[in-house]
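In order, the protein sequence lines correspond to chains P and C.
Reminder that position 11 of the first sequence reads as 11 in the working numbering, one-by-one numbering, no gaps.
Reminder that position 311 of the second sequence reads as 311 in the working numbering, one-by-one numbering, no gaps.
There are 2 protein chains.
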Amino acid sequence: MSAAKVPGERTYERLLGRLAALPKQTSLTLDELRTQYDSAERAFRVDPGCVVEIVDEAPFRGECLRPGQAGEAAMLYLHGGGYVIGSPRSHRHLVADLAAATRLTGYLLDYRLAPEHPYPAARDDAVAAVRWLLDTGRTRADRLVLAGDSAGGGLVVATLVALREAGLPMPAAAICLSPWVDLSCSLPSCASNRPPDPVIDGEVLRAMAHAYLGQRSPRTPGASPLFADLRGLPPLLVQAAADEMLTDEAVELARAAAGAEVAVTLELWPRFVHVGPWYARVLDDGRRAIDHAARFVSAALELASPGRAPRLSRRLSARRR
Amino acid sequence: MSAAKVPGERTYERLLGRLAALPKQTSLTLDELRTQYDSAERAFRVDPGCVVEIVDEAPFRGECLRPGQAGEAAMLYLHGGGYVIGSPRSHRHLVADLAAATRLTGYLLDYRLAPEHPYPAARDDAVAAVRWLLDTGRTRADRLVLAGDSAGGGLVVATLVALREAGLPMPAAAICLSPWVDLSCSLPSCASNRPPDPVIDGEVLRAMAHAYLGQRSPRTPGASPLFADLRGLPPLLVQAAADEMLTDEAVELARAAAGAEVAVTLELWPRFVHVGPWYARVLDDGRRAIDHAARFVSAALELASPGRAPRLSRRLSARRR
Numbered sequence: 001m002s003a004a005k006v007p008g009e010r011t012y013e014r015l016l017g018r019l020a021a022l023p024k025q026t027s028l029t030l031d032e033l034r035t036q037y038d039s040a041e042r043a044f045r046v047d048p049g050c051v052v053e054i055v056d057e058a059p060f061r062g063e064c065l066r067p068g069q070a071g072e073a074a075m076l077y078l079h080g081g082g083y084v085i086g087s088p089r090s091h092r093h094l095v096a097d098l099a100a101a102t103r104l105t106g107y108l109l110d111y112r113l114a115p116e117h118p119y120p121a122a123r124d125d126a127v128a129a130v131r132w133l134l135d136t137g138r139t140r141a142d143r144l145v146l147a148g149d150s151a152g153g154g155l156v157v158a159t160l161v162a163l164r165e166a167g168l169p170m171p172a173a174a175i176c177l178s179p180w181v182d183l184s185c186s187l188p189s190c191a192s193n194r195p196p197d198p199v200i201d202g203e204v205l206r207a208m209a210h211a212y213l214g215q216r217s218p219r220t221p222g223a224s225p226l227f228a229d230l231r232g233l234p235p236l237l238v239q240a241a242a243d244e245m246l247t248d249e250a251v252e253l254a255r256a257a258a259g260a261e262v263a264v265t266l267e268l269w270p271r272f273v274h275v276g277p278w279y280a281r282v283l284d285d286g287r288r289a290i291d292h293a294a295r296f297v298s299a300a301l302e303l304a305s306p307g308r309a310p311r312l313s314r315r316l317s318a319r320r321r
Numbered sequence: 001m002s003a004a005k006v007p008g009e010r011t012y013e014r015l016l017g018r019l020a021a022l023p024k025q026t027s028l029t030l031d032e033l034r035t036q037y038d039s040a041e042r043a044f045r046v047d048p049g050c051v052v053e054i055v056d057e058a059p060f061r062g063e064c065l066r067p068g069q070a071g072e073a074a075m076l077y078l079h080g081g082g083y084v085i086g087s088p089r090s091h092r093h094l095v096a097d098l099a100a101a102t103r104l105t106g107y108l109l110d111y112r113l114a115p116e117h118p119y120p121a122a123r124d125d126a127v128a129a130v131r132w133l134l135d136t137g138r139t140r141a142d143r144l145v146l147a148g149d150s151a152g153g154g155l156v157v158a159t160l161v162a163l164r165e166a167g168l169p170m171p172a173a174a175i176c177l178s179p180w181v182d183l184s185c186s187l188p189s190c191a192s193n194r195p196p197d198p199v200i201d202g203e204v205l206r207a208m209a210h211a212y213l214g215q216r217s218p219r220t221p222g223a224s225p226l227f228a229d230l231r232g233l234p235p236l237l238v239q240a241a242a243d244e245m246l247t248d249e250a251v252e253l254a255r256a257a258a259g260a261e262v263a264v265t266l267e268l269w270p271r272f273v274h275v276g277p278w279y280a281r282v283l284d285d286g287r288r289a290i291d292h293a294a295r296f297v298s299a300a301l302e303l304a305s306p307g308r309a310p311r312l313s314r315r316l317s318a319r320r321r
């Protein structure tokens with residue numbers, strides 16, 4: 001999905017150059033990794049039309065982001081960072097972009113991180129956040145979208161499974177950006193990491209899996225939902241780079257979801273990176289991937305709407321948006 | 001993607017009932033199979049707002065379908081039927097639906113069929129059709145979409161590869177509905193056919209592969225483009241049922257395309273059948289899949305437009321369709 005080259009364009013090559021200039025992740029302490037990730041809040045500013053509200057109302061801790069044209073529907077966003085780093089500071093810009101494109105009110109959860117709070121703390125916080133959104137009347141399940149990237153993308157799937165097991169109503173749709181769904185890191189693209197991923201460090205990834213899981217099996221379904229029973233999940237959009245470490249996780253998640261009768265859309269983007277939408281302000285295709293996510297949300301919310309009448313009477317020629 | 005049940009709704013269960021009532025394919029002669037497939041022209045009428053013109057202008061033989069709101073862009077459609085059956089009669093309704101939803105002028109090619117005309121006749125006719133569309137000024141490559149189902153979906157990919165090898169310009173996008181891209185039928189979902197596919201008969205499918213290929217290898221890249229070099233292909237939409245015989249072909253085509261730096265979107269639909277959009281008039285999700293294809297075309301044509309300026313100035317909040 002390349003476009004004509006123009007000066008100043010937000011291209012893949014320029015992004016690779018920026019990434020190569022970052023310090024090697026293995027040279028940083030945990031605190032330094034967290035600080036570096038959170039510096040996104042200075043690098044990528046939120047559009048002034050988006051109202052950001054800090055929320056600390058047990059059990060929800062995080063931020064609420066309202067774009068100018070927000071409707072009644074909401075998105076619970078679970079950030080990435082290997083369950084070890086990441087916060088509203090690292091992901092505010094991405095959630096603001098997604099909220100604006102989808103016209104959803106974004107709830108960005110500051111879930112507890114490992115190693116201080118290992119599995120299942122993150123998943124428990126996410127399930128509690130959904131309960132809070134529903135119980136407080138902030139949204140209804142059929143107007144709620146779950147979204148997340150990387151570890152947060154895996155957490156989206158694990159949370160949906162936990163909601164089903166708890167007998168709670170399913171959200172209308174879910175979005176997984178480069179989801180990490182197999183903490184054993186055993187699928188070919190992850191195990192080989194060839195060519196080396198410009199964003200993910202394999203050694204750091206494995207350390208994060210250990211920090212989250214401790215002595216538990218890396219195939220624990222609640223942490224590695226590729227191995228979970230996915231029946232009953234809502235329509236799922238999975239986006240990944242065509243050649244990142246987690247490409248095969250995206251493909252296999254799509255295959256597993258379809259095998260469990262879940263409607264799934266998989267987008268593989270060439271000349272893209274792990275969680276490309278996080279880089280939307282410096283990568284044009286990251287912006288386009290957000291637009292695709294918005295179209296997916298629009299269709300899924302229309303489909304989930306209880307008041308939706310069968311579209312028997314509309315003429316074919318009128319059916320196009 | 002199920003909706004609330006209402007009387008008369010076009011559900012999966014009702015479609016399965018209709019399919020089960022059809023005569024067993026292995027009990028029919030070749031002529032009977034062709035006649036049965038072509039009876040779609042009576043079962044599924046074309047919207048009166050779509051102008052259907054018979055075209056017999058060498059090298060193009062087929063039909064041109066103009067929906068009410070057609071713009072300058074065009075779609076070359078390659079029908080399914082295992083390279084052995086199928087014609088404008090079997091697919092006029094589907095191309096009319098796709099043309100209306102996408103606002104493209106549809107060119108439905110009546111390519112030569114096997115066993116009378118084995119490989120590479122079908123591919124040669126498809127390449128000649130693209131040349132004709134471009135040489136006669138009917139469309140430009142960057143306003144052209146290739147689409148097809150089943151064998152026609154594989155033929156779309158094989159045609160794109162042949163266009164690249166001939167040094168011709170690439171179309172803007174391609175759509176493969178339940179594509180048959182491996183005539184060796186060796187991927188798990190195809191080889192096992194468990195549970196039995198309600199549309200495809202495995203024995204007939206293998207006979208069709210033999211009719212098209214004769215003594216050639218079933219892995220001939222020009223007939224089984226899963227084994228072709230896919231570099232340089234335009235953005236690709238692949239749709240399939242989540243549990244049809246060709247589900248794994250869809251997944252592996254997506255993986256192969258992404259590995260060749262092709263932008264690919266894979267949609268797997270539960271409670272769906274082989275080439276669900278062909279059944280759009282009796283299956284609601286077939287209609288929805290056509291709507292998804294239209295959204296894909298819209299985004300791909302915008303991206304391929306040579307006059308498209310980088311969208312640097314639009315505000316985030318204005319970017320949603």
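Using N, Cα and C, we set each Cβ at its ideal position, and we do this for glycine too.
Small disclaimer: the values here were computed from a predicted structure and weren't measured.
N- and C-terminal bounds of the alpha helix (DSSP H) containing G286(P): 284 to 304
The region 122 to 137 of chain C / the region 230 to 242 of chain C touching (three or more Cβ pairs under 8 Å): no
is_contact[G259(C), chain P] using C-beta, thresh 8 Å: yes
Extent of the continuous alpha helix (DSSP H) run through R45(P): Careful: R45(P) lies outside any alpha helix (DSSP H) and carries neither H nor E.
Start-to-end residues for the beta strand (DSSP E) that takes in A147(C): 144 to 149
CB contact check: E53(P) to chain C, cutoff 8 Å: no
CB contact flag (V127(P), A174(P), <8 Å): Taking C-beta atoms as the reference points, V127(P) and A174(P) fail to come closer than 8 Å.
Host alpha helix (DSSP H) of T35(P) (start-end): 30 to 38
Chain P contacts made by the region 194 to 210 of chain C, where a contact means CB separation under 8 Å: none
CB contact check: E267(P) to chain C, cutoff 8 Å: yes
Contact residues within the region 81 to 96 of chain C, judged by C-beta distance below 7 Å to chain P: none
Residues that G106(C) bridges to, as DSSP identifies them: L65(C), M75(C)
Euclidean distance between Cα positions of D56(P) and A129(P): 12 Å
Sub-8 Å separation of T159(P) and E267(C) beta-carbons: Their beta carbons are not under 8 Å apart, which means T159(P) does not touch E267(C) by this criterion.
Own chain partners of L19(P) with C-beta closer than 6 Å, once the 5 adjacent residues on each side are dropped: If we look at L19(P) and ignore the five residues flanking it on each side, its Cβ neighbours are P198.
Alpha-carbon to alpha-carbon, G259(P) and V297(C): 27 Å
Partners in chain C for V264(P), counting only beta-carbon separations shorter than 9 Å: A242, L266, E267, L268, W269, P270
Alpha carbon of L183(P) to alpha carbon of A209(P), nearest angstrom: 6 Å
I324(C) classed as buried or exposed, judged by whether at least 16 other C-beta atoms fall within 10 angstroms: With chain C running from 1 to 321 in the structure shown, residue 324(C) is simply not present.
Euclidean distance between Cα positions of I290(P) and L98(P): L98(P) has its alpha-carbon roughly 6 Å from the corresponding atom of I290(P).
Euclidean distance between Cα positions of R45(C) and L253(P): 39 Å
Cβ of S313(C) within 8 Å of any chain P Cβ: Residue placement at S313(C) is poorly supported in this model, since its pLDDT is 32, which falls under 50; the coordinates still yield a value, given next. It does not; no Cβ of chain P falls within 8 Å.
Status (buried if at least 16 other CB within 10 Å, exposed otherwise) for T105(C): By the neighbour-count criterion, in which 16 or more other beta carbons inside 10 Å mark a residue as buried, T105(C) falls on the buried side.
Closer than 9 Å at the beta carbon, the chain C residues around T247(P): R255, A258, G259
Cα-Cα separation between A40(C) and A70(P), rounded to whole angstroms: 45 Å
Proximal residues of chain C, C-beta to C-beta of V275(P) below 7 Å: Within 7 Å Cβ-Cβ: nothing; V275(P) doesn't reach chain C, min ~16 Å.
Contact set for Y279(C): own chain, Cβ-Cβ below 7 Å, skip 5 residues either direction: L15, V273, G286
Sufficient close CB pairs (3 or more, under 8 Å) joining the region 187 to 201 of chain C to the region 239 to 255 of chain C: Contact between the region 187 to 201 of chain C and the region 239 to 255 of chain C is present, because at least three Cβ pairs lie under 8 Å.
Delimiting residues of the beta strand (DSSP E) encompassing W269(C): Segment 264 to 269, the beta strand (DSSP E) holding W269(C).
Reference A257(P), options R61(P), E244(P), R288(P), V238(P), closest by Cα: Of R61(P), E244(P), R288(P), V238(P), the residue nearest in Cα terms is V238(P).
Residues within the region 142 to 159 of chain C neighbouring chain P, beta-carbon criterion of under 7 Å: none
Exposure of R321(C), with buried meaning 16 or more beta-carbon neighbours within 10 Å: Residue placement at R321(C) cannot be trusted, given a pLDDT of 32 that sits under 50; what the coordinates show is reported in the next sentence. Its Cβ having fewer than 16 others within 10 Å, R321(C) is exposed.
For A240(P) and C176(P), the rounded distance between their alpha carbons: 9 Å
Secondary structure of R321(P), DSSP reduced to three states: Residue confidence for R321(P) is low, a pLDDT of 32 falling below 50, so the modelled location carries little weight and cannot support an answer.
C-beta contact flag for A74(C) and T26(C) at 8 Å: no
Which of helix, strand or coil DSSP assigns to Q215(P): coil
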